[in-house]
Amino acid sequence: MLGRISAALQTAVDTIAPPVPLLQDFIYHWKQVMRFYDTKDDELNVPIESTHLPIHLEQMLTALQEEQDESRRYKEGSEVHSGPCLEYLIQHRVPDLLASLTVADTPSGMRHLGLVFFSRLTSLAYTQLLSQPALHEPIQKIVKMCGQTAASPTEAQEVRLLCVLAAVIGQKPDLASLFCKAPTSVPGSPATSATSSQESTPSPIHEDSRRNENLIIEALLKFIDSADGRLRVKTCESLLVLTNIASTAHLIAEESTLAETVALRLAMLHCEVPPSIEPSELEDMHASWGMDNPLDVREPYPGCRQLAAYLSWWNFCDKMVGDSLPEIGRSLVSNIQDHFLVRQLQTRICAGAELASNPEEEDPKQLQDSVITLVHVGKLLRECKAPLLRTGLSHWIAGVTTHSVLDTSVRDSILRLLEVAHGDLAVETMRLMEVMVDETFEPALQSLIFSHFAPHKVTAHISSELEVSLEGKYQPSLTFAPKNVQATLEGFLQLLPPFLRTGETEAGYETYLQDAQRQYQAMWKKCLCLGWPLEVVAAEEDGNSSDSRPEDEHTDGVPPVLKTLFNRIETFPEQEYELNLQLTSLLSRLAILPHAGLYELLLSPGQVSPTNQSPEQLTSGIGLAVSLRRLALRLAKEAPSVSNLQKRLRSTRNKLLGDPSLSEDNPNQSPLTNEQESLLESIVVLEEFCKELSAITFVKYHLHSPV
């Protein structure tokens with residue numbers, strides 16, 4: 009009822025006094041704005057809230073909006089053209105004058121008002137009109153102004169204008185060249201000389217050229233560290249839009265500071281994470297770049313906010329590398345390698361390897377830095393999804409980068425740490441290796457392990473009597489032939505003598521089957537596209553004799569990493585329980601990988617077979633089973649010195665694997681020495697490790713054997 013009365017009254021008013029045409033109304037309000045600036049200078053010093061400028065500019069925008077709505081309504085389905093108000097605005101260079109007033113902030117508050125005006129004007133103007141100098145040149149002037157003052161009162165309005173402009177460019181990529189122009193080189197300047205292009209630090213002239221010409225990118229980069237988390241997220245969203253425009257990809261990658269700024273911010277945020285962060289806190293933290301906001305709740309532990317900001321930015325780096333065009337992605341990866349991975353993480357890892365090699369010079373603070381750095385690297389590997397960034401991380405670990413700041417590569421440092429480190433440093437190094445395996449960082453694994461396998465080295469050490477068909481030929485699968493698998497299972501399960509076994513009377517590996525099956529199926533899917541050899545080759549099938557091979561190929565074909573791990577196995581009693589546990593975890597992960605070379609060294613029936621027990625073979629052989637047998641013989645020799653061995657073994661087993669309350673402590677017994685306690689723990693760990701290897705072998709056989 010009220011709506012009808014209102015409509016009737018409006019009709020009556022329009023009949024008596026028809027509404028002013030939009031163009032006339034637009035011109036009136038613009039002239040009122042100009043009249044204000046024709047006044048004396050002292051009247052321009054009043055706050056803008058005391059003037060009528062906000063009303064007049066709002067009415068101008070309203071006229072433009074109504075004109076656009078009317079044009080779309082009457083020309084639906086056909087191309088929409090600019091109306092008289094927009095034409096007047098362009099012809100009389102209204103944006104140019106408003107841009108000058110906005111930059112000058114005259115009167116006080118005009119900058120805020122001008123930014124709002126240009127944001128709405130950019131979204132209202134038809135994209136084809138933005139190519140006209142009368143529109144885009146004033147916008148360029150405003151964009152250049154954005155971000156010049158950190159944490160300015162108009163920060164939100166500046167970000168809004170840049171985001172609106174980025175969205176328009178995303179819809180109309182042809183406009184990108186207006187705001188990401190190629191820098192005009194100055195003849196004879198360092199920016200154009202071949203010598204300066206090779207320098208690591210850009211010259212000031214070239215730096216200013218990049219910032220002046222890549223307007224919108226450089227303007228947005230000024231807000232990536234804004235204190236307002238919402239503005240940071242909007243800025244990042246706009247950067248993702250602009251890095252997907254093919255016409256300006258080369259300019260953004262080579263002639264802007266985008267990649268360098270993003271990498272330097274990552275390095276800065278990493279430095280702000282306090283070294284007191286616990287590895288468990290780092291591993292449990294999950295942060296997304298879209299949630300990079302200050303926490304409203306109190307920090308659960310010191311450094312939580314800094315850690316969240318750092319991991320959020322890493323997540324954004326991963327997102328940008330994955331979503332942007334390849335040329336921009338490669339530039340980002342290169343800068344991340346240079347400014348962050350090499351200069352910060354690699355230096356600390358190398359320092360840790362140096363400390364481990366010289367324990368007499370141990371520095372507790374530097375040692376802790378190296379430990380937490382290894383945890384950082386593992387976390388980065390887990391959180392990395394972009395293929396280009398994964399490859400960049402792998403190449404950095406393998407030492408295949410162009411940023412040769414340090415003489416020692418991460419690969420060499422890892423090998424050294426695996427060999428000589430102890431305590432937390434050794435544990436975290438093995439965990440890092442385990443992450444590489446779990447996340448299948450193939451180039452890193454290729455450098456550390458697979459590159460040491462020659463094709464003729466992947467040979468099946470299978471006795472002819474184990475698996476020969478009735479026709480005298482090998483079965484189609486030498487690796488997963490039933491008798492070979494059975495020999496492997498028996499070899500692992502019978503490794504320890506009966507008086508050292510603490511488990512149940514049955515085979516005992518059934519408890520590991522479910523986890524082994526799940527892990528191997530997941531790993532098999534990840535590795536399908538890698539082309540790893542799955543089947544070992546019989547020695548007779550290798551056409552090249554050892555004498556005909558080049559001299560440099562006369563090697564045992566065992567990767568140094570595996571040699572080090574095998575040596576570690578034999579020193580179980582001298583190592584901490586946590587280290588032994590992590591060592592077996594890493595080896596079981598390697599055994600799960602579907603690679604024939606690893607199968608040969610870790611699960612080969614010829615290695616594990618109980619018949620392979622001669623002292624000569626145990627002395628000269630190299631393989632997991634050989635090292636396990638050496639350890640088993642040592643444990644069998646030293647264990648009888650412990651009184652009440654079986655009872656204490658069961659007590660140790662309950663303490664480590666079951667309910668500690670079930671451990672039987674007899675007050676009348678003499679207490680165990682540290683060496684005896686370590687000996688009993690080694691027996692329990694070895695027994696469970698053999699069961700886990702048996703489960704992995706069984707799962708591999710059933711998943712690959714013919715139905």
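Count the sequence shown with our numbering and you get residues 9 to 715, in order. Cβ atoms here follow ideal geometry from the backbone N, Cα and C, with glycine treated the same way.
May I ask you to report which of helix, strand or coil DSSP gives Pro55?
-> Here the question's residue 55 lines up with position 47 in the sequence shown. Here Pro55 sits in coil by DSSP.
Could you spell out where the alpha helix (DSSP H) holding Gln345 opens and where it closes?
-> Along the sequence shown, one-based indexing puts residue 345 at 337. Note, Gln345: premise wrong, no alpha helix (DSSP H); not H, not E.
On the three-state DSSP scale, how would you describe Ser90?
-> Locating residue 90 in the sequence shown gives position 82, where the first residue counts as 1. The answer is coil: DSSP assigns Ser90 none of H, G, I, E or B.
Report buried or exposed for Ala429, applying the criterion of at least 16 other Cβ atoms within 10 angstroms of its Cβ.
-> In the sequence shown, residue 429 corresponds to position 421, counting from 1. Result: buried.
Enumerate, from N- to C-terminal direction, the unbroken alpha helix (DSSP H) stretches of 4 or more residues contained entirely within the region 307–338.
-> 312–331
Whose C-beta lies closer than 7 angstroms to the C-beta of Leu272 among residues of the same chain, with five residues either side of it excluded?
-> In the sequence shown, residue 272 corresponds to position 264, counting from 1. Once the five neighbours on either side are set aside, the close Cβ partners of Leu272 are His347.
Within 10 angstroms of the Cβ of Thr681, are there 16 or more other Cβ atoms? Answer buried if so, exposed if not.
-> If you number the sequence shown from 1, residue 681 lands on position 673. With fewer than 16 other Cβ atoms within 10 Å, it is exposed.
Length-filtered (3 minimum) beta strand (DSSP E) runs lying within the region 219–266 = none
9 angstroms Cβ cutoff met for Ile577 and Val445 = Here residue 577 corresponds to residue number 569 of the sequence shown, with the count starting at 1. Here residue 445 corresponds to residue number 437 of the sequence shown, with the count starting at 1. No, the Cβ-Cβ distance between Ile577 and Val445 is not below 9 angstroms.
Note down the Cα distance separating Asn492 from Met293, rounded to an integer number of angstroms.
-> Looking up residue 492 in the sequence shown gives position 484. Looking up residue 293 in the sequence shown gives position 285. So the alpha carbons of these two residues sit roughly 45 angstroms apart.
What does a CB cutoff of less than 7 angstroms around Asp377 pick up in its chain, not counting 5 residues either side in sequence?
-> For the purposes of this step, residue 377 is identified with residue 369 of the sequence shown, where counting begins at 1. These residues qualify, in order along the chain: Pro283 and Arg356.
Of the residues Gly431, Leu169 and Thr448, the one placed nearest Pro602, counting alpha carbons only = The residue you call residue 602 lines up with position 594 of the sequence shown. Pro602 has its Cα closest to that of Thr448, out of Gly431, Leu169 and Thr448.
Limits of the unbroken alpha helix (DSSP H) element including Glu584 | As a position in the sequence shown, residue 584 is number 576, starting the count at 1. That residue, Glu584, is in no alpha helix (DSSP H); it is neither H nor E in DSSP.
Just the C-alpha distance for Ala142 and Gln99, rounded to the nearest angstrom, thanks.
-> By one-based count along the sequence shown, residue 142 stands at place 134. By one-based count along the sequence shown, residue 99 stands at place 91. Each residue's Cα considered, the two are about 8 angstroms apart.
Would you kindly check if the distance between the Cβ of Val176 and the Cβ of Ile150 is under 9 angstroms?
-> Position 142 of the sequence shown holds residue 150. Position 168 of the sequence shown holds residue 176. Against a cut-off of 9 angstroms, the Cβ pair of Val176 and Ile150 comes out as no contact.
Beta-carbon proximity list for Leu501, same chain, < 8 angstroms, skipping 5 on both sides | Locating residue 501 in the sequence shown gives position 493, where the first residue counts as 1. Here the set comprises Ala515, Gly516, Tyr517, Cys698, Lys699 and Ser702.
Can you tell me whether DSSP reads Phe449 as helix, strand or coil?
-> On the sequence shown, position 441 is the one that residue 449 refers to. Coil, per DSSP.
Mind checking which residues open and close the alpha helix (DSSP H) that includes Phe500?
-> For the purposes of this step, residue 500 is taken as residue 492 along the sequence shown, with counting starting at 1. Pro490 to Leu501 is the span of the alpha helix (DSSP H), which, as asked, contains Phe500.
Selected residue, minimal CA-CA separation from Ala257, among Val329, Met153, Val102 and Glu498 | Position 249 of the sequence shown holds residue 257. Of Val329, Met153, Val102 and Glu498, the residue nearest in Cα terms is Val329.
Secondary structure at Tyr607, three-state DSSP: helix, strand or coil?
-> What you label residue 607 is simply residue 599 of the sequence shown in a count that begins at 1. Residue state, collapsed to three classes: helix.
Pull up the CB-CB distance for Val385 and Asp432, whole angstroms please, since I reckon it's below 8 angstroms.
-> For this step, residue 385 is matched to residue 377 along the sequence shown. For this step, residue 432 is matched to residue 424 along the sequence shown. Actually they do not touch by this definition, with Cβ atoms about 15 angstroms apart.
So, are the CB atoms of Val249 and Gly298 less than 9 angstroms apart?
-> Here residue 249 is taken as the residue at index 241 of the sequence shown, counted from 1. Here residue 298 is taken as the residue at index 290 of the sequence shown, counted from 1. In this structure, Gly298 does not lie closer than 9 angstroms to Val249 by Cβ.
Kindly list the residues whose CB is nearer than 6 angstroms to the CB of Ser455, restricted to its own chain and excluding five residues on each side of it in sequence; keep chain order.
-> Translated into the one-based positions of the sequence shown, residue 455 becomes position 447. The answer, listed in chain order, is Ala406 and Arg419.
Rounded straight-line distance, which links the Cα of Arg168 to that of Ala71 = The residue given as residue 71 occupies position 63 in the sequence shown. The residue given as residue 168 occupies position 160 in the sequence shown. Taking the straight line joining both Cα atoms gives about 22 angstroms.
So, are the CB atoms of Cys171 and Thr114 less than 9 angstroms apart?
-> Mapped onto the sequence shown, residue 171 falls at position 163. Mapped onto the sequence shown, residue 114 falls at position 106. No; because the gap between Cβ atoms is not below 9 angstroms, this pair is not in contact.
Rounded C-beta distance between Ile253 and Pro181? I'm assuming under 8 angstroms.
-> Residue numbering aside, residue 253 sits at position 245 when the sequence shown is read from its first letter. Residue numbering aside, residue 181 sits at position 173 when the sequence shown is read from its first letter. With 8 angstroms as the limit, Ile253 and Pro181 qualify as a contact, their Cβ atoms being about 5 angstroms apart.
So which of Cys154, Gln67 and Leu132 has the shortest CA-CA distance to Ala107?
-> By one-based count along the sequence shown, residue 107 stands at place 99. If we check each option's Cα against that of Ala107, Cys154 comes out closest.
Would you mind sorting Tyr709 into buried or exposed? The rule is 16 or more other CB atoms within 10 Å of its CB.
-> Taking the sequence shown and counting its residues from 1, the one referred to as residue 709 is at position 701. It counts as buried.
In three-state terms, what does DSSP make of Asn662?
-> To locate residue 662, count along the sequence shown from 1; it is residue 654. The answer is helix: DSSP assigns Asn662 an H, G or I state.
Start and end of the alpha helix (DSSP H) containing His120?
-> Along the sequence shown, read from residue 1 onward, the residue named residue 120 stands at position 112. Met118 to Leu132 is the extent of the alpha helix (DSSP H) around His120.
Could you check what DSSP says for Lys180 in three-state terms: helix, strand or coil?
-> In the sequence shown, the residue the question calls residue 180 occupies position 172. Coil at Lys180, not helix or strand.
Would you call the region 312–322 and the region 358–367 touching, i.e. three or more CB-CB distances under 8 angstroms?
-> no
Option nearest Leu138 by Cα separation, candidates Ser160, Leu186, Gly122 and Cys358 | As a working mapping, residue 138 is identified with position 130 in the sequence shown. Residue Leu186 is the option with its Cα nearest to Leu138.
Nearest to Ala164 by alpha carbon, out of Leu382, Gln525, Arg119 and Leu129?
-> As a first step, residue 164 must be located in the sequence shown, where it is residue number 156. Nearest C-alpha to Ala164: Arg119.
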